[in-house]
Amino acid sequence: TQEIRPLKVLILNLMPKKIETETQFLRLLSNSPLQVDVELLRIDDRPSKNTPTEHLDTFYRQFETIKNRNFDGLIITGAPLGLVQFEDVLYWEHLQTIMAWAKAHVTSTLYVCWAAQAGLKLLYDLPKRTRKEKLSGVYHHEIHDPHHPVLRGFDDTFLAPHSRYADFSPEFLNEHTDLDILATSDIAGVYLASTKDKRNVFVTGHPEYDAMTLHNEYIRDLGEGMEPAIPINYYPNNNPDNKPIASWRSHGHLLFSNWLNYCVYQQTPYDLEHFSEDKFTRDEN
332 TQEIRPLKVL ILNLMPKKIE TETQFLRLLS NSPLQVDVEL LRIDDRPSKN TPTEHLDTFY
392 RQFETIKNRN FDGLIITGAP LGLVQFEDVL YWEHLQTIMA WAKAHVTSTL YVCWAAQAGL
452 KLLYDLPKRT RKEKLSGVYH HEIHDPHHPV LRGFDDTFLA PHSRYADFSP EFLNEHTDLD
512 ILATSDIAGV YLASTKDKRN VFVTGHPEYD AMTLHNEYIR DLGEGMEPAI PINYYPNNNP
572 DNKPIASWRS HGHLLFSNWL NYCVYQQTPY DLEHFSEDKF TRDEN
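Residue 341 in our numbering sits at position 10 of the sequence shown, and the numbers go up by one each step.
Written out as structure tokens, the structure is:
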């Protein structure tokens, strides 16, 4: 018989609407035969404009309370900071501390959207590259290595939503990193990449988004006078009056299922107290 224990996964939620975001990620994590115990982490103790303090105090932990523990997986969400320089982000130094901590305490980290850019800065010292206009919509992607564990069961092409200013050029990442580039879009650039040891997985889009999330962002930006472009390939007939159709849901579930199985479960020690970064270093040699 095989001994199995629940996987310990930590979510560092950087999005403004924390309840909406945590629900989206929990939905993806729960669609797996693996039992997952999730804990929520906040970046600091400043009040949130969009989330009740009672909710944060009840369900979210501070880094100081978990920094001496080990986790099987860590998810760092996106954040609406695409036009802000890293050094101008209020919590940049603390985020760097958490990312560095993960190297010695977490089996595999999943960086989503803005967090992917932040993770590439920390791991490879890559400069921030920004598009002139926001990338918003649902884009076609091609996979590059169907045998890679993260891509098991993927179709040759798939759809995924993006909402970002960050520019993830395949040529740039190939030139400046040793990442496995797993999926790209002719328009959106790199969507999915991983370090060789699968301990760092980067997703530049938003597979967790609900059907209406891009719409709500579009309406928000309109209300702020930003004159946003209509999200591409999202509304039927490209008409915002039409209800959007979620065309990326199955891919999102498969991506998270594969990450949990191949990057987390199959690599993590049964006894988390025995987690050792040295194990992965030895495995590479």
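Heads up, the beta-carbon is just placed ideally off N, CA and C, and yes, glycines get one too.
C-alpha distance - T332 paired with L365, whole-angstrom precision: In this prediction, T332 scores a pLDDT of 49, lower than 50, which makes its location untrustworthy; no coordinate-derived value is stated.
Per-residue burial, N573 [other beta carbons within 10 Å of its own, 16 or more giving buried]: Under the 10 Å beta carbon count, N573 is surrounded by fewer than 16 other beta carbons and is classified as exposed.
Alpha-carbon to alpha-carbon, T544 and P383: 20 Å
Which listed residue (D486, D552 and H471) has its alpha carbon closest to that of S516: H471
C-alpha gap between W590 and D528, whole angstroms: Cα atoms of W590 and D528: separation of roughly 12 Å, rounded to the nearest angstrom.
A514 beta carbon less than 8 Å from that of E548: no
Residues near P567 in its chain [Cβ-Cβ closer than 7 Å; skip 5 each side]: N573 and I576
DSSP bridge partner residues for V367 (one or two, in chain order): In the DSSP secondary-structure assignment, V367 is bridged to L338.
Coarse secondary structure for E464, derived from DSSP in three states: E464 falls in the strand class under three-state DSSP.
At least three beta-carbon pairs within less than 8 Å, the segment 428-438 to the segment 505-514: no
Residue environment, Y442, which counts as buried when at least 16 other CB atoms sit within 10 Å: buried
The segment 408-417 / the segment 455-463 touching (three or more Cβ pairs under 8 Å): yes
Outcome for L585 when other beta-carbon atoms lying within 10 angstroms are tallied against a minimum of 16: buried
Opposing strand residues paired with N531 [DSSP bridges]: T440
Local Cβ density within 10 Å of Y391, reported as buried at 16 or more and exposed below that: buried
Length of the line joining the Cα atoms of E539 and G583: Rounded to whole angstroms, E539 and G583 show a C-alpha spacing of 6 Å.
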